[in-house]
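Chemist:
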Amino acid sequence: MFFASDNWAGAHSDIAKSLVDAAGGFASAYGTGDLDKRVEKTFSEIFERDVAVFFVGTGTAANSLALASFNRPGGQVFCHREAHVNVDECNAPEFFATGSKLVPIDGPAGKIAPDALSAAIGRFPPDFVHGGQPMAVTITQATEAGTAYSLDEISALAEVVKKAGLPLHMDGARFANALVHLGTTPAEMTWKRGIDILSFGGTKNGCWCAEALVLFDRSKAQQMHFLRKRSAQLFSKSRFIAAQFDAYFRDNLWLSLARHSNGMAARLASGFAKSDKARLAWPTGSNELFVIIRNDAMKALQDKGAVFYDWPAGPDVKATMHEDETLIRLVTSFATTEADVDTFLSAL
């Protein structure tokens, strides 16, 4: 009953086999090999345009380099208050984009509202040198609250961003989960809605260690080569990241894995709907569930081996909770089974 994080799951067997298959022989290094080039072509096919792809080892590296590529003196990067870049990356985005600053914006369900974004950007008039200058906007899809921006919501934010003359980044650590939830295409959820650069995550969805930066305008990719090298993210044996993505995309494995983890989350959610000891804090659209649970029930589950994290509750959620309740987070993965879910619900 491991529901702490999808990072706890291992690697899918097809991806592990692909790593073994790539282990023999010799291949050109630093992303110049045939496998690297083939996978980059696959990215372009998936996104329905010629994209620039940069393999990196972690989501933190992808997010930080994406924002660093937009760096301006006194740069202000606008994000949701609960965004991973703001609360879980040890200031790496600000470190790599030297002198930049994250500007957190509140919003329900992990989402930034267009009017709140417009107001935040408006606090930095272009002629007021003391306040710094707007540099970029980053959104998370799926969000840290387990929700997903609809296509119209992405378009509405992009309209504000483009009006301000800024680039728009998407943190897609759980990109596939949001994609299958919305039932749309990678192109529709990104560049067709105004996204300029994407942190494409595979690690949380069955890969061993595979993340990529996807730039939708190849003419702006030149500096990323230097940024990636300077940050120690240019792997000499990058074929092992490419090998993971090669298996990940083959026969739409990545979408099947995301549908499975989302389905396991939905199975959990249906069980909570029948419980008098726990309830969903809000509806979600991915493989993350946030649940208000009685403290005695939480302890009983932990005593029986269930693994999950308690989570800080915001004022709106706290207002719906009793003193003997706690907010917890449950995350399913490609490796979660129906038996895992049913055992958990039975124990509850």
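With the working numbering applied, the sequence shown corresponds to residues 563 to 910, in that order.
Built from N, CA and C at the ideal position, the CB exists for glycine as well.
This structure is a prediction, so every number in the text was calculated from the model and none was measured.
1. Suppose you measure from the CA of S590 to the CA of H574; what does that come to, to the nearest Å?
2. Contact defined as beta carbons within less than 8 angstroms: I believe S761 pairs with S823. What is the distance between those atoms, to the nearest angstrom?
3. Need the endpoints of the alpha helix (DSSP H) that P676 sits in, please.
4. Whole angstroms are fine: how far does the CA of K724 sit from the CA of I683?
5. What's the C-alpha gap between T709 and A881?
6. Closest to F690 by CA distance: which of G572, G637, A584 is it?
7. Can you give the beta carbon distance from F632 to V665, rounded, assuming they're within the 8 angstroms contact cut?
8. Which ranges would you report for the alpha helix (DSSP H) in the stretch 727-771 if only whole runs of at least 4 residues count?
9. Just verifying my parser: in three-state terms, what is the DSSP assignment at Y871?
10. Please go through the same chain and pick out, in chain order, the residues whose beta-carbon is closer than 6 angstroms to the beta-carbon of M826, but skip the five residues on each side of it.
11. CA-CA distance, L830 and T752?
12. According to DSSP, what are the bridge partners of V582?
13. Where does the unbroken beta strand (DSSP E) through V649 begin, and where does it stop?
14. How is the alpha helix (DSSP H) around Q806 delimited, first residue to last?
15. Does the Cβ of N648 have 16 or more other Cβ atoms within 10 Å, making it buried, or fewer, making it exposed?
16. I believe A654 touches L775 by the beta-carbon criterion, under 8 angstroms. Please report the beta-carbon distance rounded to the nearest angstrom.
17. Pairing CB atoms from the stretch 609-624 with CB atoms from the stretch 791-811, are three or more of them under 8 angstroms?
18. D598 and A804 - do their beta-carbons sit closer together than 8 angstroms?
19. Output the distance between the C-alpha atoms of I674 and F802, rounded to the nearest integer angstrom.
20. Quickly, what does DSSP pair K663 with across the bridge? List them, please.
21. Cβ atoms of R891 and E850: under 8 angstroms apart, would you say?
22. Okay, do the stretch 757-772 and the stretch 860-867 touch, 3+ Cβ pairs below 8 angstroms being the bar?
23. Using only the alpha-carbon positions, how far apart do L833 and H646 sit?
24. Does the stretch 693-705 come within contact of the stretch 779-787, defined as at least 3 CB pairs closer than 8 angstroms?
25. Quick check on DSSP: helix, strand or coil for P670?
Modeler: From the atom records:
1. 26 angstroms
2. No, S761 and S823 are not in contact; Cβ-Cβ is about 19 angstroms, not under 8 angstroms.
3. 676-684
4. 12 angstroms
5. 20 angstroms
6. G637
7. Rounded, the Cβ-Cβ distance is 14 angstroms, inconsistent with contact.
8. 737-744
9. strand
10. T894, T898, V903
11. 29 angstroms
12. Beta-bridge pairing links V582 to no other residue.
13. No beta strand (DSSP E) contains V649, which is instead part of the alpha helix (DSSP H) from 646-649.
14. 801-811
15. buried
16. With a Cβ gap of about 14 angstroms, A654 and L775 do not count as contacting.
17. yes
18. yes
19. 36 angstroms
20. Q638
21. yes
22. no
23. Checking the sequence shown, residue 833 turns out to be Gly, not Leu. Going from the Cα of G833 to the Cα of H646 covers about 29 angstroms.
24. no
25. helix
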